Each structure stands twice: as structure tokens, then as C-alpha cells.
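Data block below; observations after.
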Amino acid sequence: MASRSSFSVACAVAVMAFAILATASNAQPLDPHFYDKLCPAALPAIRKVVEEAVAVEPRMGASLLRLHFHDCFVNGCDGSILLDDTPFFTGEKKAAPNVNSVRGFDVIDRIKDAVNAACRGNVVSCADVVAVAARDSVVALGGPSYDVHLGRRDARGASQAAANNSIPAPTFDLDRLVSNFASHGLTVQDLVVLSGGHTLGFSRCTNFRERLYNETATLDASLAAQLRGPCPLAGGDDNLAPLDPTPARFDGGYYGSLLRSRGLLHSDQQLFAGGLGPTDALVRFYGADPEAFGRDFAEAMVRMGGLSPLTGSSGEIRANCRKVNYY
Ligand code: HEM
Ligand SMILES: *[C@@H]1O[C@H](CO)[C@@H](O)[C@H](O)[C@H]1NC(C)=O
Ligand SMILES: *[C@@H]1O[C@H](CO)[C@@H](O)[C@H](O)[C@H]1NC(C)=O
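Letter by letter, the sequence shown follows residues -27 to -1, 1 to 300 of mature numbering (1 follows the signal peptide of the UniProt record, and there is no 0).
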């Protein structure tokens, strides 16, 4: 009896040790040099398409940055946001935070084609394409550069429910923003510095209407007056307003806006109430020091880009970013 139970314990230990070893040899850290030998032409090929797209339409840089964020916050940075709906699963594109809102899929397709041509084959994952395109977009619009850690593989499925539940909403108060970021292993500082992504791009009226008509206590009166025309009480849902005064320049303008009660989204202004809270202090700090913002943003992007990647033999390298290789 005793010997039998210690044998089962020994077996269980052996099985567990094997499982841990197998996982350890399969999981692999992301690595900035992942494509150095596999395809040295990959990163320049991505940058070229991003630069062209941003030159044609600066907002595309903002859209590509946001695409990476919305990819990483749903089951990790695994390219799942790029998958079209199929009879087998409903993807993330029509999820509440994404529908009529996320953009850049055509540019990702063009990058993938260019990178497959440059590498003479299907070498670079779609998840890595999105991560590098986000960095190149930031750089193209005057922001900091950083080494993107690489070697992500692509998911073989996507989840609309996860997209609905995992991406923070602009209606969130500070506590929900903080707990959402914490659920992804990100800190309050990450929340404040990554929200600085709103130094780029635009929001639709539907996402800031409440603020114009119901939150006048925390909204600068002249900005409210200026935006009520393009964003009336009813209608005009898709009309755009810039998230900061310089939506095509990666600068500290976003934090300056928050300091003057000119945050466009409810979630933006939640980071600065003018008091002694920890996020208030960070907004003051980044507002006064755009270079510190750039440095910390770059570091936080690497952390966000490291969320639950598929590596080793998990997932696949998708040939077409919109669909899995086989069913
Ligand atoms: C903290 C929680 C966040 C919330 C609640 C939030 C919410 C939003 C909303 C509602 C929009 C406008 C979408 C539309 O009207 O179609 C938007 C745009 C944008 N967001 Fe966020 N966001 C957050 C964090 C981030 C982060 C972490 C990044 C990147 C690091 C980011 C980058 C962007 C960019 C660049 C745009 C403009 C996109 C464009 O013009 O196409 N956001 N965000
Ligand atoms: C996600 O949200 C959208 C829009 O609110 C809704 O239509 C859809 O049913 C939701 N999907 C799931 C799987 O919860
Ligand atoms: C403002 O708040 C009231 C009460 O909560 C709500 O009924 C109304 O729909 C809100 N207005 C807008 C424009 O969201």
C-alpha cells in the first residue's frame, strides 16, 4: 500500500517534470534578433510599407498602433484580431470595441505580401508584423524608436467574447481602467503612459458625446462648445475629433490636454482630476517632460508587446493574416 502510493507519487512527479521540461523547451522568450538570420530583409520591408502608408494618410499610423493594442489585450499578441469571421468562429473584428472602428487591415495585408516577397516565403508571423508596424508608425510620426521583441506565432482562432470583455471602454472610471490593466499584468504607470498613445489619432463622436453633454464639470467649456457642432445630441455618430491637438505628431500634447480638462474621452480625463492621485502626478510628470514620456512609452510598449505570446511550436505562421492556414 505504502510502496504503491509512493510509486504513484513518483510517477506523478516524473510526469510533472516531463510536462515542465516539455513546456520549457517549447516556450521561448521573444527576441529582438529573432529574424536576423531567418530573414534580415523582413524589418526593412515592413518599415517601407508603413512609411508609405503613413505618408499617404498620417492617421494610418495611429490606427496601426491601436491595432497592436487591441491584438495584445485579447488573449495576448497573437494576431487574432486579424482573422475574418468563419463558419467555425466569430472573430474580433465585429466585437464592440472594434466594429466600425479599428482600421489598417489592408495595410497589414500589404505588409505581409511585401515581407513574404522579401523573405522568399512565409517566415514572419502576422502578430510580429502588427507589433513592428506599431513601432514603425510611432517612429514615422515623430515618436521614440525601440527594439521590438520578436518571435510571436499566430493564433489559430479568435474570440469575439474575449474582445468584448478584455479591451477597456471609454466609459470606464479610473478604478476600472486600473483593474483592466492589472488583469493584463500592467501597472498604473503603464496605464498612464500607454494611454499616451492618444497623442495620435481620432475618436468618433459616439465615444465622446456623453462628455460634451453630461460631463461639463470636467470638460473645458471652449472645447465643449467647439465639438457640439460636429457631435450633436443625436446623429453624427461617426464624425471625428482629434484625441489631442496634434493627432499626427507623437508629442506630449495628450497630457497637456488632460491638464487643461481637454481630454476627449471620459477614460482620458479620468487619469487627471487635478488632485493628488497617483495618476494625476504621472500626468503632470509626462506633461512637463515629453522626453520622459517617449522613453517610458517605448518601455511600456515592449511590456504590452510581450503579453502571452505564442512561441515555440504553439500556433502557426499564417500565410494570409485574415485566415488560419488550414481547418
Ligand atoms: C486606457 C484605455 C483605453 C481606452 C478606453 C481607449 C479607447 C479608445 C477609443 C474609444 C478610441 C476611439 C475609437 C473610435 O471612436 O473609433 C481610441 C482611439 C485610439 N486609441 Fe485608445 N484607448 C485606450 C488605450 C489605448 C492604448 C494603450 C493605445 C496604444 C498604446 C491606444 C491607441 C489609440 C489610438 C492611436 C487611437 C486612434 C486610432 C485612429 O485614429 O484610428 N489606446 N481609443
Ligand atoms: C460582443 O458585443 C457585440 C456588440 O455589443 C454584440 O453584438 C455581440 O453579441 C457580443 N458578442 C459576444 C460573443 O458576447
Ligand atoms: C446624460 O445622462 C442622462 C442621465 O444619466 C442620460 O439619460 C442621457 O442619455 C445622457 N446624455 C447623453 C448625451 O449621453
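Even glycine gets a Cβ: it sits at the ideal position worked out from N, Cα and C. All values reported here derive from a predicted model rather than from experimental measurement.
Judged by DSSP secondary structure, F154 falls outside any beta strand (DSSP E) and instead within the alpha helix (DSSP H) spanning L147 to S156. A contact between stretches requires three or more CB pairs, one per stretch, nearer than 8 Å, and the stretch 206 to 214 meets this requirement with the stretch 169 to 185. With 16 or more other Cβ atoms from the protein chains shown falling within 10 Å of its own Cβ, L200 counts as buried. Under the three-state reduction of DSSP, N293 is assigned to strand. Separation of the CB atoms of A104 and V23 is rounded to 12 Å, and the pair is thereby denied contact status at 8 Å. For N137, the shortest separation between its Cβ and any heavy atom of ligand 2 lies below 7 Å. Burial of E65 is indicated by the presence of at least 16 other C-beta atoms within 10 angstroms of its C-beta. Residue pairing for R126: DSSP places it in a beta bridge opposite L283. Between A142 and V47 a beta carbon distance of about 14 Å is seen, past the 8 Å cut, so the two are scored as non-contacting.
Judged by beta-carbon spacing, G115 lies beyond the 8 Å limit of F258, meaning their Cβ atoms are not closer than that value.
Between F266 and G170, the C-beta gap is not smaller than 8 Å, which leaves the two residues out of contact. Rounded to whole angstroms, the Cβ separation of Y119 and R108 is 6 Å, and the two are in contact under 8 Å.
The three-state secondary structure of D109, taken from DSSP, is helix. Between the alpha carbons of C92 and A292 lies a gap of roughly 12 Å. By the neighbour-count definition (other C-beta atoms within 10 Å, threshold 16), A190 is an exposed residue. Distances taken from the Cβ of A128 to the heavy atoms of ligand 2 include none shorter than 7 Å. Not one heavy atom of ligand 1 sits closer than 7 Å to the Cβ of S118. Rounded to the nearest angstrom, the gap between the Cα atoms of L164 and R276 is 12 Å. A straight line joining the alpha-carbon of R129 with that of S74 spans about 23 Å. A distance below 7 Å between beta-carbons, with the five flanking residues on each side excluded, links D146 to the following residues of its chain, in chain order: Q243. Remark: the C-beta of A190 is outside contact range of ligand 2, defined as less than 7 Å to any heavy atom.
With a cut-off of 8 Å on Cβ pairs, the stretch 79 to 87 is in contact with the stretch 17 to 32, counting three or more such pairs.
Look at S195 here: in three-state DSSP terms it is helix. Counting other Cβ atoms within 10 Å of its Cβ, P70 reaches 16 or more and is therefore classed as buried. Annotation note: the stretch 1 to 86 contains the following uninterrupted alpha helix (DSSP H) runs of length 4 or greater, listed N- to C-terminal: 7 to 11, 15 to 29 and 32 to 45. In the structure shown, the three-state DSSP call for P251 is helix. In its chain, beyond the 5 residues on either side, A15, A18, I19, V97 and V102 have a beta carbon closer than 7 Å to the beta carbon of V88. The beta-carbon distance between T160 and Y227, rounded to whole angstroms, is 19 Å. This is too long to meet the 8 Å contact definition. With respect to G49, S281 sits close: the two C-beta atoms are nearer than 8 Å. Contact between D58 and G52 does not hold, since the beta-carbon distance rounds to 15 Å and is not under 8 Å. N138 and A261 have their C-alpha atoms roughly 34 Å apart. In the DSSP secondary-structure assignment, P218 is not bridged to any residue.
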